[in-house]
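In the working numbering, the protein residues as written are 2 to 80. Positions of the beta carbon are idealized from the N, C-alpha and C atoms, including for glycine. Below you'll find the structure, written out as structure tokens, and then a few comments.
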């Protein structure tokens with residue numbers, strides 16, 4: 002499944018300069034499963050495209066929406 006969301010990380014201080022460029026912008030995502038190492042298994046994560054991070058926690062995404070492959074590719078073209 003393909004998704005779009007606004008990237009709004011809870012912790013901005015620890016982000017590298019490449020990742021900071023995406024804060025506040027709509028990014029293309031794919032579902033990545035549960036957060037690695039999360040013992041409660043409640044937190045979901047998503048894989049961003051372009052790949053500026055291995056995965057992003059759901060709590061760092063706003064307005065997460067399911068989208069078509071065509072829309073997903075359009076978002077990628079912007080980067």
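Return helix, strand or coil for residue i, following the three-state DSSP convention.
| i | result |
| --- | --- |
| residue 62 | strand |
| residue 75 | helix |
| residue 30 | strand |
Buried or exposed: which applies to residue i, given that a residue is buried once 16 or more other Cβ atoms fall within 10 Å of its Cβ?
| i | result |
| --- | --- |
| residue 121 | Residue 121 is absent from the model: the chain starts at 2 and stops at 80. |
My assumption, with CB atoms under 8 Å, is that residue i sits in contact with residue j. Please give the rounded CB distance.
| i | j | result |
| --- | --- | --- |
| residue 76 | residue 5 | 6 Å |
| residue 8 | residue 62 | 7 Å |
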